[in-house]
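In this note's numbering, the protein residues as written are 403 to 707. We treat Cβ as the ideally placed atom computed from N, Cα and C, and that holds for glycine. Please read these numbers as outputs of a predicted model, since none were measured by experiment.
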């Protein structure tokens, strides 16, 4: 089925028709991966459409830009307004948003000074790994591709070039018939999914890999840690060997696109009962409850459209 594109996009300070949001083929970002971006969701709530943790996402966008010496020509408040505007203009409530800043057309060298172009897109998107994945879980595999080593590429930046690694991991997994791939760090210890953070459950306790494992410390990851703590579920950040993937009671991946997706097997080895367990279900209940009103948003994460 052909991709259905929205009608409108925000680019460099103005709303314009989707097809008019163009950039030159010699733009720096196209050749060198010099872009930073965010993935954000808005949800339909009983109080109207709300963008989930918009401020936190945009804060990370500016942090990623800082790492790569990119000075964005718009304030965070201006980009927040752009996010709201493009969702409204496209007539959406539940939506996925993609703010992106990138080095445009200028010099051709690696360190060339170029304009910084900025765009914000929004479109309707369901669960990233399929509508059945949230309920039934997915089958995953450990990838043959490792994450980059520390002090090579900063994993803490959500930069376009970083996702070449994720593409290799995800495409290998799909080629082999799995729903998603899981990466090891250069240390030989567990890192994260192709584009998602991981949580393992042992005896009711959540375990997740640390920032030093070449992960992007995700906002959904932080959300689950906070919700778990509030609900009395212990969370431990630690180095995790590969074999613990096979031995845990429950396993899940999380991210803005994937939301909270159970993993029912890794490398053909069944995880726990082979379906979402008690802790995973509770986290899903708490997370999605934020958007139905069943979970009290005491942190101000729901930012009205």
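| Asked | Found |
| --- | --- |
| Since residue 540 is in the beta strand (DSSP E), which residue starts that stretch and which ends it? | 540 to 548 |
| Just the Cα atoms here: how many angstroms apart are residue 692 and residue 663? | 17 Å |
| Report the option in 427, 429, 596 whose CA atom is closest to the CA atom of residue 530. | 596 |
| Taking residue 488 and residue 420 to be in contact with their CB atoms under 8 Å, please state how far apart those CB atoms are, rounded to whole angstroms. | Their Cβ separation, rounded to whole angstroms, is 10 Å, which puts residue 488 and residue 420 out of contact at 8 Å. |
| How would you label residue 609, buried or exposed, when you count the other beta carbons within 10 angstroms and need 16 or more for buried? | buried |
| Using the DSSP secondary-structure output, state which residues sit across from residue 437 in a beta bridge. | 504 |
| Sort out for me which residues DSSP pairs residue 656 with in a bridge. | 599, 662 |
| Which runs of the beta strand (DSSP E), 3 residues or longer, sit entirely within the stretch 604 to 656? | 607 to 610, 637 to 639 |
| Quick check on the burial criterion: 16 or more other C-beta atoms within 10 angstroms. Buried or exposed for residue 576? | exposed |
| Evaluate the contact criterion for the stretch 600 to 609 versus the stretch 673 to 687: three or more CB pairs, one atom per stretch, below 8 Å. | yes |
| Confirm, please, whether the CB-CB distance from residue 439 to residue 501 is below 9 Å. | yes |
| Smallest Cα separation from residue 657: which of 638, 494, 443, 533? | 443 |
| Would you call residue 433 buried or exposed, if buried means 16 or more other Cβ atoms sit within 10 Å of its Cβ? | exposed |
| Can at least three beta-carbon pairs, one atom from the stretch 446 to 453 and one from the stretch 660 to 674, be found at a separation below 8 Å? | no |
| Just curious, the beta strand (DSSP E) that residue 442 is in, first and last residue? | 442 to 447 |
| Grab me the residues of residue 699's own chain with a C-beta within less than 6 Å of its C-beta, minus the 5 sequence neighbours each way, in chain order. | 692 |
| Looking only at C-alpha atoms, which of 461, 511, 406 sits nearest to residue 430? | 511 |
| I'd like the list of long-range same chain contacts for residue 631, defined as Cβ closer than 7 Å, with 5 residues on each side in sequence excluded. | 637 |
| Specify whether the stretch 479 to 495 and the stretch 585 to 592 touch according to this definition: at least 3 beta carbon pairs, one from each stretch, less than 8 Å apart. | no |
| Please identify the residue among 484, 452, 504, 486 whose C-alpha is closest to the C-alpha of residue 467. | 504 |
| For residue 524, verify whether its CB is less than 8 Å away from any heavy atom of the ligand NAD. | No copy of the ligand NAD appears in this structure; indeed no ligand is present at all. |
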